[in-house]
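Working notes for the structure below.
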Ligand SMILES: Cc1cc2nc3c(=O)[nH]c(=O)nc-3n(C[C@H](O)[C@H](O)[C@H](O)COP(=O)(O)OP(=O)(O)OC[C@H]3O[C@@H](n4cnc5c(N)ncnc54)[C@H](O)[C@@H]3O)c2cc1C
Ligand SMILES: Cc1cc2nc3c(=O)[nH]c(=O)nc-3n(C[C@H](O)[C@H](O)[C@H](O)COP(=O)(O)OP(=O)(O)OC[C@H]3O[C@@H](n4cnc5c(N)ncnc54)[C@H](O)[C@@H]3O)c2cc1C
Ligand SMILES: Cc1cc2nc3c(=O)[nH]c(=O)nc-3n(C[C@H](O)[C@H](O)[C@H](O)COP(=O)(O)O)c2cc1C
Ligand SMILES: Cc1cc2nc3c(=O)[nH]c(=O)nc-3n(C[C@H](O)[C@H](O)[C@H](O)COP(=O)(O)O)c2cc1C
Ligand code: FES
Ligand code: FES
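Chains as they are written, first to last, in our numbering: chain X, -13 to 292; chain L, -13 to 292; chain Z, 96 to 357; chain P, 96 to 357.
Here it is as structure tokens:
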């Protein structure tokens, strides 16, 4: 029995629930390095490029990566060539992707979100906008806008005023009460929340005993944080009425199954793509598992754990 | 060259920096099951029994444990036979331990901390008191007193008034700003902070797709959370003037080395004891590593990463 | 068997035998101390030696058999931890703590009816041997899902066994508890038979019900997720008649009356 | 070698050779596509196949050699990831992505001076072979800490090699960069020698300085922590003359002038 894997994420109709996590898969770079025709056989049901900001950012000093137990610490620091270059250079190349493109934007202050959203509002290549209010690698102490419910609300309000596109707000788990922050985003006009960005962490260099990352602290991703992410998805999706995009350590189709059961409408794969570039192609296996559980379709799976 | 491993934790003189994490090693049970004479060759430099509360607690419904990637989720729920039984039954059995005993107490409201501390103040077997304001498994949504800086301060003040013993406050990492909570504890009279208790998390049962833990959510421990713990120890010890007890995923002597470099005066071993009951005995190897790094003593290692 | 008399050791033991027995994997390793001390129904906490952190914790494993220096376990690879153990090759090392827990208690001379379901048959081998050595009459009911699991019956050669499979592919069709009532009647001149069971929870619940109805004493070995295996963490509890019981320390073998069955 | 022409594959390949070479481990696996496409200086992202999550990510590994269907790598087990790979036995499977990155570029006919430090000698074998096949004069300076590492010199039989060890236990005493200036003079009738180097950062910095001072062109293969290996994550950057460079995609081989050396 074939399971219907299609899901609706607001106005977006996705062929299946598996998308990529921003910053972990660059289709333009991967297409070049892998010489598979990724533009023809694209594994994800939507594509989220790396977060862009008003001004280009060089990113943080290296080292930027450190593996930890079943996890990865990164301090990339939103390295990107700026929203203008994104619009003029990248967007038309992404146009030929067979899936919707969700642009991810971030700012240093709430106003930046409005400005960036305004710049994208007229772009037809952009199916939806994700506000990344949760990157822990911009300020030295890992402070992101999204740590503060009120600032999260404001950034969302400003973006909402600037665009009618489907608006996703991507939240950080590094808060005392993630439901409160999620509610603030929805109150500000978010159509959807994305959970979770990386968890605050740090590692020392084995030899020097100094912080290994050039930025001192970083964000933890990968299987290690799956329990943290699953809890956030479960609690927020139970409490709020908007769809949730779940992510954090999703490595196998079984993980995706569990995130959807916990309440996610779509599931993003991040660090697992580094482990195995084919992890992206987990949708058929997800279908098999859904079937095995006697569930009729992907959309019926959403929230069965509640 | 032999490295001096002795450290001072306030008035406590410890033979080395390795102690156990509350709730993960029960010397009375282990002594019975293992029939090693743990009272003679005790591996830790101090002993912290499981947290006790004013009233006995049966704990949460099973299942209470679930392994995750390089981590362990638990929802024990402070199962204990109450502070009275602890005093009348356990304490005199612990008297013959060759190391200081640090009693761990918790309460449902701030006043409980004062009451429990008062009951322990006159007990000579108790060298220090740890206030566990951070157990995520008492309330259904994981809300602990320690999520709120002001309640943390209050609980500490009340305990401080009730006892002159060395007072440790054990904090939760599940807050937006752990420095703020640590500062509140110190402001309330804490002599020392313990970092970190478990990280909020959750898992689903692979087959039923329902929450696997009887308590729905739980606390994540083990190597998976080491980066989270190391960051907390680094930031808090850099900011505050009290000694820090570091824990969270410490599995090897190398981990202990890094926690001390990050700023911990003592290091507690928790989940690793389940993996390997001999993990406790890492002090000699720690000495070797300290020596290899050309550092003269354990106390000189503290905070070298700052 | 006083808990205070259960020594334990944390050993890195070399695997010397690793073979498939139908759906299960049989693995033996050298561990003289454990072999010497093991009592039927006790268990080990066991993992592959090495510093990789996934799987993180040891898994509880029953002791299938001991033979001079060798300890044998029988593994049903249901998840990552058991699959990793089942993949152990000759010469690999396992870290083992044990023997742990309260095993089966046997006093008196009653005929013994051993009931095993699936991988729950594992500890019954050593139990059957020990009971027989004490001169007791032993009869095994071994239940499996299919022919593939039932291959493990071969491990019970020399013991009187009845095989029951859920699909009828070998032996009798049905559940292992089906023929149990027929084995419980007291024979003239003998004490009332006693039941020793290990298997999945629904099977144990059925055994408990039958034991109560037929008036036989019964001990069951139960499962729980474990972390420490030595009573330290309070993680492995089940509901007992008078509150929570720790499977690792108070069990894993319990008298049926001590457990809350609803 | 245009990046657009670097195909890659994610393969589960069987290990067919695993042996110790002094301090290092030499491991070969069957990977016809990679063997066919590999260019000297390119690398692989490689890990043990299997679903254990620690180590989590593949590790970047240079291609030491290719021989018909076989790809060989040389591993210095410095940490958990490399130790796990070094422990691979015959028949084990590795997951491999590659060949990746921009390898050594070679045009012209200049004599080639290859400088390798420690495990950095690994990619020089295939490079030496390829240069020789193009008719270029090849000379290798191989530097090691001690005799134990220097055993790997045996992998360069047939190539003109000078061995330098830091403790003088084999070959010349000192650093591999010490004899380098003496190899760089232009000989009559030949182009100025070109340097190709791989090794630890301080060695590469010394090579860069010497190349500048002596006026020779030099390419160096550098290291960085990697996650994706394909330019996706921006994690592997080093400081370049004009901003950050991705080691995996812009390198790992760079002209010395493109890198910021302070
Ligand atoms: C006293 C005792 C004796 C046992 N003897 C044997 C034996 O002889 N042979 C054998 O094959 N199995 C035995 N088991 C069961 C075995 O311990 C579990 O199958 C194993 O722990 C599952 O781990 P996993 O990683 O393979 O599976 P997981 O992927 O973790 O889970 C698979 C299934 O096992 C259950 N499980 C997970 N963790 C545990 C845990 N720590 N303890 C118990 N169940 C768990 C899960 O709920 C799930 O249903 C015994 C269990 C106990 C308590
Ligand atoms: C292009 C390239 C080619 C390489 N070729 C070889 C080779 O042929 N043979 C070989 O033995 N090694 C090679 N290395 C180095 C090898 O990748 C690292 O030693 C390995 O990743 C360390 O992992 P670990 O888990 O063993 O060590 P860890 O315990 O993680 O760390 C040990 C040391 O390795 C460094 N390190 C950690 N992670 C990485 C990473 N992802 N990338 C680079 N360094 C890291 C650490 O800073 C530390 O100094 C190469 C590296 C690169 C970038
Ligand atoms: C190297 C790296 C770069 C990332 N960059 C971004 C980013 O630019 N924008 C963003 O919203 N999230 C970014 N993230 C976070 C991921 O999108 C994702 O939320 C997080 O990694 C958890 O998912 P995972 O465990 O599957 O990786 C990044 C994560 C990693 C590991
Ligand atoms: C099973 C279990 C029970 C615990 N019980 C307590 C407790 O009673 N009191 C307490 O302060 N912390 C308790 N903790 C938290 C640990 O003391 C420790 O802070 C945490 O597990 C992180 O350290 P680890 O990663 O080394 O385990 C418990 C942890 C576990 C895993
Ligand atoms: S497993 Fe820890 S108390 Fe039983
Ligand atoms: S490793 Fe990801 S960009 Fe180089």
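We put the CB at the ideal spot given by N, CA and C, even for glycine.
Item, Value
"Put residue 52/X into one of helix, strand or coil per three-state DSSP.", "strand"
"Tell me whether the beta-carbon of residue 219/Z lies closer than 8 angstroms to the beta-carbon of residue 271/Z.", "no"
"Using a Cβ cut-off of 8 angstroms (strictly closer), state whether residue 220/Z contacts chain P.", "no"
"Measure from the alpha carbon of residue 342/X to the alpha carbon of each residue in 29/X, 13/X, 103/X, then state which is nearest.", "Residue 342/X lies beyond the range of chain X shown here (-13 to 292); nothing can be said about it."
"Would you kindly work out how many angstroms separate the C-alpha atoms of residue 182/P and residue 142/P, rounded to a whole number?", "11 angstroms"
"Run the proximity test for residue 149/Z: is its beta-carbon closer than 7 angstroms to any non-hydrogen atom belonging to ligand 1?", "no"
"Closer than 8 angstroms, Cβ to any Cβ of chain X: which residues of the stretch 171 to 201 of chain L, in chain order?", "185, 186, 187, 188, 189, 190, 192, 195, 196, 197"
"Just reading off the alpha helix (DSSP H) that residue 179/P is part of, what are its end residues?", "175 to 181"
"Evaluate residue 185/Z with the Cβ neighbour count: other Cβ atoms within 10 Å of its Cβ, from every protein chain shown; 16 or more gives buried, anything less gives exposed.", "exposed"
"Quick one: what's residue 27/L bridged to in DSSP?", "In the DSSP output, where bridge partners are listed per residue, residue 27/L has none listed."
"Suppose the cutoff is 7 angstroms on Cβ atoms and the five residues either side in sequence are ignored; what does the same chain contact list for residue 102/X look like?", "40, 69, 91, 93"
"Secondary structure at residue 314/P, three-state DSSP: helix, strand or coil?", "strand"
"Measuring alpha carbon to alpha carbon, tell me which of 13/L, 38/L, 95/L, 179/L ends up nearest residue 215/L.", "179/L"
"Within 8 angstroms (strictly less), CB to CB, does residue 293/L reach chain Z?", "Chain L is shown from -13 up to 292; residue 293/L falls before or after that span and cannot be answered."
"Taking just the CA atoms, how far does residue 51/L sit from residue -8/L?", "35 angstroms"
"Pull up the distance between the alpha-carbon of residue 127/P and that of residue 108/P, whole angstroms please.", "10 angstroms"
"Please work out which residues of its chain come closer than 7 angstroms, Cβ to Cβ, to residue 335/Z, disregarding the five sequence neighbours upstream and downstream, and give them in chain order.", "353, 354, 355"
"Taking only runs of the alpha helix (DSSP H) that begin and end inside the stretch 189 to 277 of chain Z, which ones reach a length of at least 4 residues, in chain order?", "219 to 228, 242 to 245"
"Taking C-beta pairs closer than 8 angstroms, name the residues in chain L that residue 235/X reaches, listed in chain order.", "55"
"Here's the rule: buried if 16 or more other CB atoms are within 10 angstroms of the residue's CB, otherwise exposed. What is residue 192/X?", "exposed"
"Skipping 5 residues on each side, what residues in its chain have a beta carbon closer than 8 angstroms to that of residue 96/X?", "131, 137, 140, 141, 144"
"In chain order, what residues of the stretch 156 to 168 of chain X put their CB closer than 7 angstroms to some CB of chain L?", "160, 161, 162"
"By Cβ distance, which residues of its chain are closer than 7 angstroms to residue 265/X, with the 5 residues on each side in sequence left out?", "237, 255, 258, 259"
"State yes or no: is the C-beta of residue 89/L within less than 8 angstroms of the C-beta of residue 35/L?", "yes"
"At a CB distance below 7 angstroms, what residues from the stretch 210 to 224 of chain X approach chain L? Give them in sequence order.", "210, 212, 213, 214, 216, 217, 220"
"Is residue 233/X near ligand 3, going by C-beta to nearest heavy atom under 7 angstroms?", "yes"
"Whole angstroms are fine: how far does the CA of residue 140/Z sit from the CA of residue 175/P?", "24 angstroms"
"May I have all residues whose beta carbon comes closer than 5 angstroms to any heavy atom of ligand 1, sorted in chain order?", "138/Z, 154/Z, 155/Z, 156/Z, 157/Z, 170/Z, 171/Z, 173/Z, 174/Z, 175/Z, 176/Z, 177/Z, 214/Z, 217/Z, 318/Z, 320/Z, 321/Z, 347/Z"
"Who are the Cβ neighbours of residue 180/Z in its own chain at under 6 angstroms, not counting the five residues just before and after it?", "170"
"What is the DSSP secondary structure of residue 102/L, reduced to helix, strand or coil?", "helix"
"For residue -9/L, does the three-state DSSP call read helix, strand or coil?", "coil"
"From the DSSP output, in three-state form, read off residue 260/L for me.", "helix"
"Interface residues of chain B around residue 148/P at Cβ under 7 angstroms?", "Considering every chain present, this structure includes no chain B. Its protein chains are X, L, Z and P."
"So residue 198/Z and residue 136/Z are in contact, right, with Cβ under 8 angstroms, and what is the actual spacing, rounded?", "3 angstroms"
"Following the continuous beta strand (DSSP E) through residue 298/Z, name the residue where it begins and the one where it ends.", "Looking at the DSSP string, residue 298/Z is not in any beta strand (DSSP E); the run it does join, the alpha helix (DSSP H), is 296 to 309."
"Residues of the stretch 56 to 88 of chain L with a CB closer than 8 angstroms to any CB of chain Z: list them in chain order, please.", "56, 57, 58, 60, 62, 65"
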